[in-house]
Each structure stands twice: as structure tokens, then as C-alpha cells.
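Adding 8 to a residue's 1-based position in the sequence shown gives its number in my numbering. We put the CB at the ideal spot given by N, CA and C, even for glycine. In this text the structure is predicted, and so the values were computed from the model without any measurement. Written out below as C-alpha cells is the structure these notes cover.
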Amino acid sequence: MNRTSSLALALVIGAGALTGCGAAADKVAEKATEKAIESQTGGDVDVNTNGDGSFNIETDDGSLSIGTGKLPDGWPDDISIPEDFKIVSGSSTNTGDGQLFSVTATTDASPEDAMDELSSQFDGWDKSGESNMSSGDGSWVTRQYEQDGRQVSITATGDGEQTSVSITHTTSA
Numbered sequence: 009m010n011r012t013s014s015l016a017l018a019l020v021i022g023a024g025a026l027t028g029c030g031a032a033a034d035k036v037a038e039k040a041t042e043k044a045i046e047s048q049t050g051g052d053v054d055v056n057t058n059g060d061g062s063f064n065i066e067t068d069d070g071s072l073s074i075g076t077g078k079l080p081d082g083w084p085d086d087i088s089i090p091e092d093f094k095i096v097s098g099s100s101t102n103t104g105d106g107q108l109f110s111v112t113a114t115t116d117a118s119p120e121d122a123m124d125e126l127s128s129q130f131d132g133w134d135k136s137g138e139s140n141m142s143s144g145d146g147s148w149v150t151r152q153y154e155q156d157g158r159q160v161s162i163t164a165t166g167d168g169e170q171t172s173v174s175i176t177h178t179t180s181a
């Protein structure tokens with residue numbers, strides 16, 4: 009397994025170990041997660057939980073921050089999330105090669121309506137991709153936009169009752 013795959017696997021294991029920890033268990037989980045990631049990557053790792061379900065992982069190669077219910081720190085000011093969307097989670101990753109921000113939200117709007125509402129703010133951007141799919145009660149819509157070295161990907165998936173939306177924003181270093 010290459011170093012990137014090992015790091016990704018270790019980060020996923022670490023994220024699972026950190027969710028739902030209480031204050032006393034946080035330090036134990038932090039140390040165990042640090043050791044697990046260090047054994048997979050061979051590098052130094054610093055894990056910090058923030059008591060609200062969010063946590064940060066920093067390595068020599070970059071960092072990862074995951075939180076619940078809000079936009080991640082550093083989320084671009086020119087990309088807004090509509091007020092009728094409920095933010096479920098947000099994350100930011102600094103890889104040294106660039107920055108990746110991700111937000112997951114839910115809404116009662118259909119995937120198509122949610123996509124139209126989000127996409128309206130990208131009128132000046134180049135649309136680099138679009139896909140639509142429907143089957144049974146569900147539908148799926150995705151669009152990608154690019155501008156000045158920035159990329160945004162939006163996916164809206166619905167089951168006929170609720171729509172889950174994922175928005176990622178990446179920049180190059």
C-alpha cells in the first residue's frame with residue numbers, strides 16, 4: 009500500500025475512533041489515533057479533539073479538520089450555503105499541494121431545485137461538467153465549475169423526501 013493510501017486509511021480509522029468520545033476519553037482516543045496513524049505513515053501526527061464532535065489531524069504532509077453543523081474554518085466567502093439548507097458536516101484538508109473544503113447539507117428541496125439554487129452563484133464560472141440521473145423515487149444531479157485555479161463540485165441526491173447535498177471547493181497551492 010502506498011503512503012497516500014496508508015494515510016487516507018489511517019485518517020478514516022482515526023475519524024471513526026474520535027467520533028462520540030467524551031472529554032475524558034478524548035485524550036485517550038487522541039493518543040491511540042496518533043499512534044495508529046504514525047504506525048501506518050511513519051511520520052509524526054498530532055490529533056486534537058475540540059469537545060463538540062470536531063477534530064483536527066496534522067501531519068508533516070498536511071492537515072485535516074472535520075466538524076459538525078457548520079462551515080469549516082476558511083470556507084470561501086464567495087460561496088454561500090442557502091439558509092434553508094441544514095449543514096450536517098464540514099471539513100478542510102491542507103495537503104501541501106492545495107486546500108480542499110467540503111460541506112454536506114440536507115434540504116427539503118428536490119435535487120434539481122437544490123442544484124439550481126446553489127448553481128446560481130457560479131454564473132461567472134466555467135461549467136466543466138454536469139450529470140443527471142433518475143431511477144424510481146430517487147434522483148442525482150452533479151455539476152462542476154472552475155475559475156482562476158479554483159474548482160467546485162456540487163452533488164445533490166434525493167430519495168423523494170429529502171435531498172443530501174455535497175459541495176467541495178479545491179484550490180492549488
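C-alpha of A122 to C-alpha of D81: approximately 23 Å in a straight line.
The Cβ atoms of R151 and E138 lie closer than 8 Å to each other. In the three-state reduction of the DSSP assignment, F93 falls in the coil class, being assigned neither a helical nor a strand state. Within the same chain, and ignoring the five residues on either side of S147 in sequence, the residues whose Cβ sits closer than 8 Å to its Cβ are S118, P119, E120, N140, M141, T165 and G166. Put simply, the backbone Cα of I162 is about 34 Å away from that of D52. When the beta-carbon positions are compared, T179 and Q129 stay at least 8 Å from each other.
Taken atom to atom, the span from the alpha-carbon of S136 to that of E154 is near 7 Å. Cβ contact annotation for E125 (same chain, cutoff 8 Å, sequence separation greater than five): P90 and A117, in chain order. Inter-residue distance for G132 and V111 is about 22 Å (C-alpha atoms, whole angstroms). Listed in chain order, the non-local C-beta contacts of I95 below 8 Å within the same chain comprise G77, K78, L79, I89, V111, T112 and A113, local neighbours out to five positions each way being set aside.
Of all alpha-carbon atoms in Q170, D156 and D86, the one lying nearest the alpha-carbon of A181 is that of D156. For E138, the enclosing beta strand (DSSP E) has its first and last residue at D134 to S143.
For E169, no beta strand (DSSP E) encloses it, and the DSSP letter there is neither H nor E.
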